[in-house]
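Structure first, then comments.
2 protein chains.
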Amino acid sequence: MADKIYRVNMNDFSFKIEDVPSDWMGLGGRGLTSTIVAAEVDPECHPLGPNNKMVFAPGLLSGTSAANSGRSSLGAKSPLTGGIKESNVGGTIAGIMAKLGVKALIIEGIPEDDSTFYHIHVSRDSVKIVAVPELVGKNNYFVLDAMEEKYNKKVAVMTIGRPGEMKMLVSNISVRDPKGKLRSHGRGGLGAVMGSKKIKCITVDAESYKEVTYADASKFKASSKIFTKALQENPISGEGLPAFGTNVLVNIINEAGGLPSRNFRDGSSENAEAICGETMAENITERGGSTTHGCHAGCVIQCSQTYNDKDGNYLTSGFEYEMIWAFGAGLGIKDLDQIAKIDALMDDLGVDAIELGVTLGLAVDAGIIEYGDGIKAFDLINEDISNGTPLGRVLGSGAGNLGKLYGLVRVPVVKNQSIPAYEPRAIKGQGITYVTTPMGADHTAGYAVATNILNSGGHIDPLKKEGQVELSRNLQIASAAIDSTGMCIFVAFPALDDPVCLPALVDMLNARFGIALSIDDVMELGKKILKTERAFNIKAGLTSADDRIPEFMKYEKLPPHNAVWDFTNEEIDEFWNF
Amino acid sequence: MADKIYRVNMNDFSFKIEDVPSDWMGLGGRGLTSTIVAAEVDPECHPLGPNNKMVFAPGLLSGTSAANSGRSSLGAKSPLTGGIKESNVGGTIAGIMAKLGVKALIIEGIPEDDSTFYHIHVSRDSVKIVAVPELVGKNNYFVLDAMEEKYNKKVAVMTIGRPGEMKMLVSNISVRDPKGKLRSHGRGGLGAVMGSKKIKCITVDAESYKEVTYADASKFKASSKIFTKALQENPISGEGLPAFGTNVLVNIINEAGGLPSRNFRDGSSENAEAICGETMAENITERGGSTTHGCHAGCVIQCSQTYNDKDGNYLTSGFEYEMIWAFGAGLGIKDLDQIAKIDALMDDLGVDAIELGVTLGLAVDAGIIEYGDGIKAFDLINEDISNGTPLGRVLGSGAGNLGKLYGLVRVPVVKNQSIPAYEPRAIKGQGITYVTTPMGADHTAGYAVATNILNSGGHIDPLKKEGQVELSRNLQIASAAIDSTGMCIFVAFPALDDPVCLPALVDMLNARFGIALSIDDVMELGKKILKTERAFNIKAGLTSADDRIPEFMKYEKLPPHNAVWDFTNEEIDEFWNF
Chain A
670 MADKIYRVNM NDFSFKIEDV PSDWMGLGGR GLTSTIVAAE VDPECHPLGP
720 NNKMVFAPGL LSGTSAANSG RSSLGAKSPL TGGIKESNVG GTIAGIMAKL
770 GVKALIIEGI PEDDSTFYHI HVSRDSVKIV AVPELVGKNN YFVLDAMEEK
820 YNKKVAVMTI GRPGEMKMLV SNISVRDPKG KLRSHGRGGL GAVMGSKKIK
870 CITVDAESYK EVTYADASKF KASSKIFTKA LQENPISGEG LPAFGTNVLV
920 NIINEAGGLP SRNFRDGSSE NAEAICGETM AENITERGGS TTHGCHAGCV
970 IQCSQTYNDK DGNYLTSGFE YEMIWAFGAG LGIKDLDQIA KIDALMDDLG
1020 VDAIELGVTL GLAVDAGIIE YGDGIKAFDL INEDISNGTP LGRVLGSGAG
1070 NLGKLYGLVR VPVVKNQSIP AYEPRAIKGQ GITYVTTPMG ADHTAGYAVA
1120 TNILNSGGHI DPLKKEGQVE LSRNLQIASA AIDSTGMCIF VAFPALDDPV
1170 CLPALVDMLN ARFGIALSID DVMELGKKIL KTERAFNIKA GLTSADDRIP
1220 EFMKYEKLPP HNAVWDFTNE EIDEFWNF
Chain B
670 MADKIYRVNM NDFSFKIEDV PSDWMGLGGR GLTSTIVAAE VDPECHPLGP
720 NNKMVFAPGL LSGTSAANSG RSSLGAKSPL TGGIKESNVG GTIAGIMAKL
770 GVKALIIEGI PEDDSTFYHI HVSRDSVKIV AVPELVGKNN YFVLDAMEEK
820 YNKKVAVMTI GRPGEMKMLV SNISVRDPKG KLRSHGRGGL GAVMGSKKIK
870 CITVDAESYK EVTYADASKF KASSKIFTKA LQENPISGEG LPAFGTNVLV
920 NIINEAGGLP SRNFRDGSSE NAEAICGETM AENITERGGS TTHGCHAGCV
970 IQCSQTYNDK DGNYLTSGFE YEMIWAFGAG LGIKDLDQIA KIDALMDDLG
1020 VDAIELGVTL GLAVDAGIIE YGDGIKAFDL INEDISNGTP LGRVLGSGAG
1070 NLGKLYGLVR VPVVKNQSIP AYEPRAIKGQ GITYVTTPMG ADHTAGYAVA
1120 TNILNSGGHI DPLKKEGQVE LSRNLQIASA AIDSTGMCIF VAFPALDDPV
1170 CLPALVDMLN ARFGIALSID DVMELGKKIL KTERAFNIKA GLTSADDRIP
1220 EFMKYEKLPP HNAVWDFTNE EIDEFWNF
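Protein chains in written order, with the working numbering: chain A, 670 to 1247; chain B, 670 to 1247.
The following block contains the structure:
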């Protein structure tokens, strides 16, 4: 049976199941969400008003047996950046939607009566929308338990916590992973969009799903084998990430002088040893827990983990580099266990680790907290953000808005979104990605760290300007394409270095759909996605003046390299010449 | 002696006195401030960072004997709108600067040590910059008293209160008026820019000033007489404003269904009778006080007043329509005396009446206050804003930012600046001014109320779209020119209706400087100013997408006329075709 578009209207609680327009047939994931948002959402609309839409779409290879194909995309106009946003997540949602034949789930409108929240349940050929007053004010694990009780384990769940209900810009949408833990549709404040539509949770029923079909099953199997082998043999995706998780990066980035510390005042942190992946792996080995955990079925990298406390009791999982950096180096908390407690709390609330971590690092400049005070950080989240006190609203609005409220100048945001865990002055290719991607400061949009620091795809000196714009452009084009396949972004490592990897990925697409794409075709798709997103942003009012690093990074030297951001506007704007 | 540019650098506490470049010779007021800001300020700079500048300039006719010529301009990049700002004020500053030969005072840089605040004293050929730790944390009247004690009554004073020190976006710069009361460089959060430069107050010494010279004194006198007569014979500037002050507008605008009430939910207010100019005039007559008060020497309109409480004790002055509307209709406070108390408090703190009033009206939607609660409003300002509590920071950041923090959609701002006291859905010409002026929502930039409601310069139906774009364009061009002369904007009323008024104004310019401008030349100047400002904004990242009314006004009908905002984007963008 052909895939369908499921369209839900929250204004009148109706739904429609539509054929997929031919233009959208060859699209999935980010390619599809960005195309639909650009086609259907007024770029000038208020992101929390009735004219914004949420578009969920599994990747093109989601639901197949391909390794690492379990990523799903969510598109909308972002209330944080004011531009288009695609947010990518693991969990069980991509596979279940794909097998159910849901090409995309589009949610429109806002209920007139905003006194309660709703639960949307998607099953084959049907959508149910019911008020769930009993879930209002509850957090994510409560919702997961309620859904597990109501259905069974094979239900994909997407939910928002209290910050999302309150439409805070740090709020994520949380997604159940195969082990019942949570992953996040992070960045861009998309939890607030779900909150604005008064949707507490969305479930997708796995009962009636069917395995996806293949135009050429044996070709698919053969290509899949090559692809998996490439993933497993690459030193990063096959060794570093499985052994230490993403947190393997703390020592590497710290060594490079690119680990933003104390609100981007230093490129290295005295806390690195205490919070690094090696320390974390030691703790896990000593205390029980697991160094490997896949965020979605079929993952062969398993970069996530289960992290226990000193007594061997479960503390958190999905304990990633970005979280540990933001709280450990940015905010200066030296105690990894305390950071883990905060991580678990933020998972339950559905709060973005990067946005809130950077905000709290900046909050030191506002006199709200002191560096290293993990207890206070926990309390601010648990009491102020969770309850929406005025201070909680301030912190829950992200670093850009905190900066406006407190008259701060050293505000590390691009397009009002917080800069992630790689210092743009010291890892300049990554900086080019931050300023040019239509997503606002985002490390996954074009992970130049790969070539600047990890020597994937060659090496470009991170401290020099030469070659960075071209590097970021190539990576962003490739990433936009990969984000459309449902593949985890870490496939970029073998794709950059192993000549058989990318052809195998393209062969899988061809074997799945009976088409004949070339690698060039896939790269053209990436270009088209970026241009679609950029065009939306321009109509929304963003310009080249938004493709800029925070001004202080141009005149303030970053230790230890005393690096400054030295790109001219013209050099940056060259990015879009393709 | 020729006028000079006084340039102060707060980074190294140096100053320079420069000749006026020939390009700037014919400019004053807004024309000069916008030209200098556009020439010297990087449009992409952080408005509170070291690269923003403040430019103070009296009007071309300031210091002369011309009626109503005592207005001064301040230009900078606004931290509220992110675009260029010119803010116009009465008080004694324009005349004293003009007579001292200060064509413009430019303040650059930021002190490296930000532990204290400074006082800048400008006298002929000299600038002194001294730390004033004893004034830190003090409010405006305290500073006025301190300056009066230090100097004498003939010192112009500009000062910021605690909100300005804290760089709040609702903060104004307050200016001493001839009677020792305060006027404001309002809108755009320019008090925060002064705070960012660590300047507590600026004084300009009147001791050594000289009367301005005239190229043709007798021609000036003759033209001045005609001009004054036109002002005095016009029914608005000669009768309505002197009798009832600007607050004469409450009944008129309420009657027209254009008085934004309860956060722009209604075009009329049940409080109109209680807060209107007629009631105010009655109170003043009964209680003592004065219905007339000029904000600057030489004013023949005298639209300001002194307002006493029931016991005849002084409450406030400069008690304007915008303030009374914002708190009386927007926030629904029925007690005029309570609004007067709030007005006095805000004068002392240096807080913008429109920005904070609209913010408090919106704060009802955020659950922070209830309509009509004047006691709570006073306390929020007196305790939270004044002390910079988290809630004070929220309210002190203006309506646009409050909306972002609380996920609100009905947020009445354009370019992040609050919409003033005339409903754009019901007075559409005024709406066109709000969306198109480079200043952010601003009623003075092109006061279409004149022709939509007051029948000055003919009549254009306020509820229809026809003719509004052209009306607003003509008014904005004229206003930009008038704002360059040092004239009060109310000269627009006779200028629109009395054929001798505008020629007399131009003749005064010619007689003062020995030049031969035509009315067309003056209008060309207005056009040039607008285009200069618009070009700055475009470089700063603003686009046509920022020339838009808040989206809710497009789909929500405003009683009593059930009016919506129905301009297409193309119709609005037509504004800039000149």
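For glycine and all other residues, C-beta sits at the position ideal for the given N, C-alpha and C.
Taking the Cβ atom as the reference point for each residue, do residue i and residue j lie within a distance shorter than 8 Å?
| i | j | result |
| --- | --- | --- |
| Ala745/B | Leu859/B | yes |
| Thr750/B | Asn1085/B | yes |
| Asp1047/B | Gly1026/B | It is Phe, not Asp, that sits at residue 1047/B in the sequence shown. No, Cβ-Cβ distance for Phe1047/B and Gly1026/B is not below 8 Å. |
| Phe684/A | Tyr675/A | yes |
| Gly1076/B | Leu1018/A | no |
| Lys1200/B | Ile1146/B | no |
| Arg845/A | Leu813/A | yes |
| Ala707/B | Phe1205/B | yes |
| Ser877/B | Arg793/B | yes |
| Tyr1108/B | Lys754/B | The question names Tyr, yet the displayed sequence has Met at residue 1108/B. Result yes, Cβ atoms of Met1108/B and Lys754/B sit closer than 8 Å. |
| Ser1178/A | Leu774/A | Going by the sequence as given, residue 1178/A is Leu instead of Ser. No, these two residues do not count as a Cβ contact at 8 Å. |
| Leu701/A | Ala735/A | no |
Which chain A residues are close to residue i, counting only those with a beta carbon under 9 Å from its beta carbon?
| i | result |
| --- | --- |
| Cys870/B | Correct list: empty, because the minimum Cβ distance to chain A is about 18 Å. |
| Glu713/B | Ala1214, Arg1217, Glu1220, Asn1238 |
| Ala1068/B | Residues of chain A passing the Cβ test: none, with the nearest at roughly 13 Å. |
| Leu838/B | Lys1073, Leu1074, Gly1076 |
So, under 8 Å CB-CB, residue i and residue j are touching, yes? Tell me the CB distance rounded to an integer number of Å.
| i | j | result |
| --- | --- | --- |
| His1230/B | Gly957/B | That belief does not hold up - the Cβ atoms of His1230/B and Gly957/B are roughly 40 Å apart, past 8 Å. |
| Val919/A | Ile993/A | 7 Å |
| Gly1098/B | Thr1120/B | 7 Å |
| Asn721/A | Val862/A | 6 Å |
| Lys1010/B | Leu984/B | 6 Å |
| Arg852/A | Cys972/A | That pair is no contact at about 12 Å. |
| Gly857/A | Ala1209/A | Actually they do not touch by this definition, with Cβ atoms about 13 Å apart. |
| Ala800/B | Tyr787/B | 6 Å |
| Thr828/A | Ser840/A | Not a contact, Cβ separation roughly 11 Å. |
Alpha helix (DSSP H) containing residue i: first to last residue?
| i | result |
| --- | --- |
| Val1063/A | 1059 to 1064 |
| Ala815/A | 809 to 819 |
| Met949/A | 946 to 956 |
| Ser887/A | 886 to 902 |
| Lys754/B | Note, Lys754/B: premise wrong, no alpha helix (DSSP H); beta strand (DSSP E) at 753 to 758. |
| Glu709/B | 698 to 709 |
| Gly764/B | 762 to 769 |
| Met863/B | 859 to 865 |
| Gln1007/A | 1005 to 1018 |
Could you pull the start and end residues of the beta strand (DSSP E) that residue i belongs to?
| i | result |
| --- | --- |
| Phe1182/B | That residue, Phe1182/B, is in no beta strand (DSSP E); its alpha helix (DSSP H) goes 1170 to 1182. |
| Gln1145/B | Careful: Gln1145/B lies outside any beta strand (DSSP E), inside the alpha helix (DSSP H) at 1137 to 1154. |
| Ser795/B | 795 to 800 |
| Tyr787/A | 787 to 792 |
| Lys869/B | 868 to 874 |
When you measure from the CB of residue i to every non-hydrogen atom of the ligand NAP, does any distance come out below 7 Å?
| i | result |
| --- | --- |
| Ile765/A | The ligand NAP is not part of the structure shown, which contains no ligands of any sort. |
So with CB distances below 9 Å, who are the chain B contacts of residue i?
| i | result |
| --- | --- |
| Met835/A | Tyr1075, Gly1076 |
Note down, in chain order, every chain B residue with its Cβ under 7 Å from the Cβ of residue i.
| i | result |
| --- | --- |
| Arg1062/A | Val1063, Leu1074, Tyr1075 |
| Pro1059/A | Pro1059, Leu1060, Val1063 |
In chain C, what lies closer than 7 Å to residue i by C-beta?
| i | result |
| --- | --- |
| Leu717/B | The structure shown contains no chain C; its protein chains are A and B. |
Query raised in the report: Given a limit of 9 Å on CB to CB distance, which residues of the region 1207 to 1233 of chain B reach chain A?
Result: Ile1207, Lys1208, Ala1209, Gly1210, Leu1211, Thr1212, Ser1213, Ala1214, Asp1215, Arg1217, Pro1219, Glu1220, Phe1221, Tyr1224: these are the residues of the region 1207 to 1233 of chain B whose beta carbon lies less than 9 Å from some beta carbon of chain A, given in chain order.
Requested in this report: Output, in sequence order along the chain, the residues in the region 1097 to 1129 of chain A whose CB is closer than 7 Å to any CB in chain B.
Outcome: Of all residues in the region 1097 to 1129 of chain A, none places a beta-carbon less than 7 Å from a beta-carbon of chain B.
Query - Interface positions of the region 850 to 882 of chain B facing chain A (Cβ-Cβ less than 8 Å), listed along the chain - result: So the close ones are Ala861, Gly864, Ser865.
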